[in-house]
Amino acid sequence: NNGKKADEGANYGIGLQDVGDGTGIVTRFPPEPSGYLHIGHAKAALLNDYFAHEEYKGTLLLRFDDTNPLKEKEEYQDAIIEDLALMGIKADKTSYTSDYFQELYEYCIQMIKEGNAYADDTLQDKMRQERMDGIPSERRDSSVEDNLARFEEMKKATDEGIKWCIRAKISVDDPNKAMRDPVIYRCSPEVHHRTGDKWKIYPTYDFCCPIIDAIEGVTHALRTTEYNDRDAQYQWFLKALKLRNVYNWGFARLNFVRTLLSKRKLTRVVDEGVVWGWDDPRMPTVRGVRRRGVTIPALREFILKQGPSKNIVNLEWGTFWATNKKHIDPISARYTAIAEEAKVPVTVIGAREGVITEDRDKHAKYTNLGKKKVVFSSNILLEQADAASFERDEEITLMNWGNAIVRSITHSINPLSTPAGLKTVTGLELELHLQGDVKKTAKKVTWLSADQNLIPVELADFDYLITKDKLEPEDKLEDFLNKETEFRTKCIADCNVAELKVDDIVQFDRKGYFRIDKAFVHGEPAVAFQIPTGKDKK
Ligand code: ATP
Ligand code: MG
Ligand code: MG
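Mapping of the sequence shown onto this note's numbering: position 273 corresponds to residue 305, and the numbering continues sequentially without gaps.
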């Protein structure tokens, strides 16, 4: 049997009950096509895929939960399919809740006929209060004929029909409030993106979920633990409609500090232009975190490690980025960039004559990454902060070249600086001292020969979108939006950077890891996004 795969599962410590030989396992991922997938959805999708395809040899269903025509769009549906593919997830079958509108309608009629559901026109606030207080609705004991007639009015969305909903008749005062006669059908005359104006009544998630799971042969319905209270209701529907058994399996919702993981809020920051779009590197969407530089294997590893825990915690991003760093370090070729504004021209005394180009490893340790060109000449550029730290006659190291001794420093006084009169280094003379020991110098600095095709590159770094670790339901989003979340530095980089392509992940010496978001084309600067490593605050 699947011993090897089961071992892998054991590594993550995840398992399902009653799996037999595993081939009959059927799981499902049921996204609502009302936004792009965020990393919380990614957790649900990866866990379902893990059980269906890795731990057991079963089946994964993708079901679009398209019961809310007001919020849903095809654009989102397509994006969800693409993002799943990106994560290496391929469902064995795809369906739509709307495929089952006819069956669901018939099940609702059955519920009404068997005395398990009734039509209600109690106003929303009053209904909420009655459910809180455990008081029955005035309509609870209406006759089957009246209930069926009202459901028909709803189906036609008549003026009368839109006032009504259908509720399951489970309990008035069960201590578990999810059991207090939940709404199962609503009248909503909007046009649906798949069924058009055919239906004017829409089943609720609570009603659809157990029925379609049973119809589609789902064996294990994975749900976040906030649904625990609704498991009893789910099981009640299966029993009332004499449907086959489905297990509920709870997992912890994924939350991160200072991160919005709700499509409703993410839609707002997109619509209000706080970010550039759903794939903005500040967005916790699958597209956003990828654009920020997360690799898919890192995302999978991080999420599956969280798999078995039912503890809902507000995760720090640090461990996420630290996991990613393990994955990107061995693939990151190293280049050099220095800030354009702060560059200091330097004369190197003792350099070989002319301009010399050598092939060097792109990474000293990971030589499989290939070679790059390093240009040596007597005209080089250093960064102001490095140059400003030098003392005369100090021995320093030019990275990947060797030691040099600071022979002269030229300053200008900056009258506009604060405090006034700060010195700026305007030029340096360094004398090579290649026999010096690079292990003994305190300063190892990046440099670029000025005698090469220097490539403009903009380095961008980002901060969290919100200023509070965890938004409470009463908190207004606009009060906690971070005002400054994007930081750009214009740099120049070595000639090799001209060849980098979008999505390449690289390291700029002493600056960190970056993902190329825009390649260098037609003289326009390349753009690279800083990838956090878990050590920085982001
Ligand atoms: P949102 O509030 O962001 O819209 P949702 O639950 O309403 O989330 P769905 O599209 O219905 O969005 O979710 C699809 C699946 O993803 C569901 O199984 C849901 O439980 C799961 N899911 C959503 N958010 C998270 C999260 N933060 N952590 C883990 N799973 C999640
Ligand atoms: Mg949902
Ligand atoms: Mg939601």
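By construction, the Cβ of each residue, glycine as well, lies at the ideal position given by its N, Cα and C atoms.
| Item | Value |
| --- | --- |
| From the DSSP output, in three-state form, read off G120 for me. | coil |
| In this structure, how does DSSP classify K125 when only helix, strand and coil are distinguished? | strand |
| List the DSSP bridge partners of T379. | N411, E461 |
| What residue range does the beta strand (DSSP E) around P488 cover? | 487-494 |
| Grab the span of the alpha helix (DSSP H) containing F83 for me, first residue to last. | Unbroken run through F83: none, as it is neither H nor E. |
| Per DSSP, I524 forms a beta bridge with which residues? | I370, P488 |
| Return the residue from the list G468, P451, K476 that minimises the CA-CA distance to F422. | K476 |
| At which residues does the alpha helix (DSSP H) containing W353 begin and terminate? | 349-360 |
| For A551, collect the residues of the same chain with a Cβ closer than 8 Å to its Cβ; drop the 5 residues on either side in sequence, then sort them by chain order. | L532, K533, V534, A558 |
| Which residues count as close to ligand 1 when the rule is a CB under 5 Å from any of its heavy atoms, in chain order? | P63, E64, G72, H73, K75, A76, T256, R285, L286, L293, S294, K295 |
| Please state if the CB of M431 and the CB of T521 are separated by a distance shorter than 9 Å. | no |
| Please name the residue, chosen from E170, K195, D153, N80, that lies closest to L48 on a Cα-to-Cα basis. | N80 |
| Run through the DSSP bridge pairs and tell me what G434 is partnered with. | L430 |
| To the nearest whole angstrom, what separates the beta carbons of I121 and Y88, a pair I think is in contact under 8 Å? | Not a contact, Cβ separation roughly 15 Å. |
| Thinking C-beta only, is A396 closer than 9 Å to I428? | no |
| Return the chain-ordered list of same chain residues with a C-beta closer than 6 Å to the C-beta of G382, the five sequence neighbours on each side being excluded. | E463, L464 |
| Return the CA-CA distance between G555 and P488, expressed in angstroms with no decimal places. | 8 Å |
| Residue ranges of each alpha helix (DSSP H) run of no fewer than 4 residues wholly in the stretch 175-238, ordered along the chain? | 176-188 |
| Can at least three beta-carbon pairs, one atom from the stretch 539-550 and one from the stretch 309-326, be found at a separation below 8 Å? | yes |
| Work out the CA separation of I198 and R182 for me, nearest whole Å. | 9 Å |
| From which residue to which residue does the alpha helix (DSSP H) around Q416 run? | 416-420 |
| Where do the N-terminal and C-terminal ends of the alpha helix (DSSP H) with Y137 fall, by residue? | 133-145 |
| At the level of alpha carbons, what is the spacing between V306 and A246? | 42 Å |
| Are there 16 or more other CB atoms within 10 angstroms of the CB of D39, so buried, or fewer, so exposed? | With a pLDDT of only 40 at D39, under 50, the local geometry of the prediction cannot be trusted, and no value is derived from it. |
| How is A396 classed by DSSP in three states: helix, strand or coil? | coil |
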